[in-house]
Structure formats: structure tokens, C-alpha cells
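Below is one structure, written out as C-alpha cells; comments come after it.
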Amino acid sequence: MNFTVSQIGTIKVKEENYSLQLQQEYLPGLKHIEGFSHLRIIWWAHLSDEPETRIRTFTKNLFRHAPDEVGVFASRTTERPNPVMISTVEVEDIDFDNGVIKIAFIDAEDDTPVLDIKPYFPVERIRECKTPKCYSHWPQWAEDAHRFDWKSEISFKSL
Numbered sequence: 835m836n837f838t839v840s841q842i843g844t845i846k847v848k849e850e851n852y853s854l855q856l857q858q859e860y861l862p863g864l865k866h867i868e869g870f871s872h873l874r875i876i877w878w879a880h881l882s883d884e885p886e887t888r889i890r891t892f893t894k895n896l897f898r899h900a901p902d903e904v905g906v907f908a909s910r911t912t913e914r915p916n917p918v919m920i921s922t923v924e925v926e927d928i929d930f931d932n933g934v935i936k937i938a939f940i941d942a943e944d945d946t947p948v949l950d951i952k953p954y955f956p957v958e959r960i961r962e963c964k965t966p967k968c969y970s971h972w973p974q975w976a977e978d979a980h981r982f983d984w985k986s987e988i989s990f991k992s993l
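The numbers in the working numbering rise by one with no breaks, and the one at position 101 of the sequence shown is 935.
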């Protein structure tokens, strides 16, 4: 079975400024989005989309305390059968006339295709979320992640 997806916008990264530029025909889809502080952005990892990366079922792990190799479905690697990624972002401002959503940060590159935008609802939080022990020392909340020492978490031997 094949699927067709359409790009609705593009991630823009200029220095430390992040935004999502929506295509003109999708601007009406922003109606009543202004009340949401966070959105979920579904994007295509276009820089990793190669035939050889789509057949991978495992990946080298990036993090120091994790196993050296993990299945792609136990990772956030962009090299996977379908390079569809999701990021929860904080909304800083919305320019409705030009279809620009200014966001605090996203782990995507400049000119990354955006496939969809979904509002983030607090009901999606999981109170008793569990992860493997090797990740248990990570921050429990997104708001705390910027204070975590991510550089020391990366295992350069696996890069």
C-alpha cells in the first residue's frame, strides 16, 4: 500500500530563530490556533531520506548510557523506514496574515518539510511514564530540558 502526503509548510532556522512558514493555501487552517501555547509539528526528515536508510531496522545509539545499538523504533533516529518525525514546540507568536508561526525551538533543519500541525493538549501527558533505565536520569519535563547537560550525554564513539 502506498500513501501520498503533501507538504503544508517549511521549517525556517536563522541563527537562533525558529519558525514554521505555512503555505498560502493552508492559512485558513490556523483559525482559532492562537489559544494553544504548544503545538506538535509532524515533519519529514528529508536530509536522511535515502533508499539505504529506509531499510535500516537498527541504529547506533547516540547516548552515552544506552546500549550501543537499538532498533529504530526504540530511537528517535531520522534514518528509519519512513522518516516522519514529531516535535512538540512552544509557540512564541503567530503571524496569521503571512502564515508564520514563531517557535522557541525545533530539532529540525532549515527548509525541513512540514507535513502537519496538531495542537498539544494537556490530556496527552502521561503521569507514570516509564523509559529504560539508561534514560531515567533525563529531565521529566520539557521545560527543564534546556538546563540538562546534553553534551555530556552524547557518546562520540557512536558518531
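Don't be surprised by glycine CBs; every beta carbon is placed ideally from N, CA and C.
Source: prediction; values computed, not measured.
Limits of the unbroken alpha helix (DSSP H) element including residue i
i           : result
residue 885 : 885-888
Neighbourhood of residue i by C-beta, 8 Å cutoff - its chain only, sequence neighbours within 5 removed
i           : result
residue 944 : 845, 846, 847 and 848
residue 897 : 968, 969, 987, 988 and 989
Coil, strand or helix - residue i by DSSP
i           : result
residue 901 : coil
residue 880 : helix
residue 907 : helix
residue 914 : coil
residue 855 : strand
Cutoff 6 Å; reference residue i; Cβ partners in own chain excluding five residues on either side
i           : result
residue 946 : 845 and 877
CB-CB length for residue i against residue j, believed under 8 Å
i           : j           : result
residue 911 : residue 891 : Their Cβ separation, rounded to whole angstroms, is 11 Å, which puts residue 911 and residue 891 out of contact at 8 Å.
residue 952 : residue 873 : 7 Å
residue 882 : residue 936 : That pair is no contact at about 26 Å.
residue 960 : residue 875 : Not confirmed; about 20 Å, so no contact.
Boundaries of the beta strand (DSSP E) in which residue i is found, first to last residue
i           : result
residue 924 : 918-929
residue 986 : From DSSP, residue 986 is part of no beta strand (DSSP E) but of the alpha helix (DSSP H) over 984-987.
residue 960 : Taken as a continuous stretch (DSSP letters only), residue 960 belongs to no beta strand (DSSP E), as it is neither H nor E.
Below-9 Å beta-carbon distance, residue i vs any chain C residue
i           : result
residue 909 : This model lacks chain C altogether; it includes just one protein chain.
Residue environment, residue i, which counts as buried when at least 16 other CB atoms sit within 10 Å
i           : result
residue 919 : buried
residue 928 : buried
residue 938 : exposed
residue 933 : buried
residue 863 : exposed
residue 905 : exposed
residue 914 : buried
Other residues of its chain near residue i: CB distance less than 7 Å, five sequence neighbours each side excluded
i           : result
residue 925 : 870, 871, 872, 873, 935 and 937
residue 839 : 949
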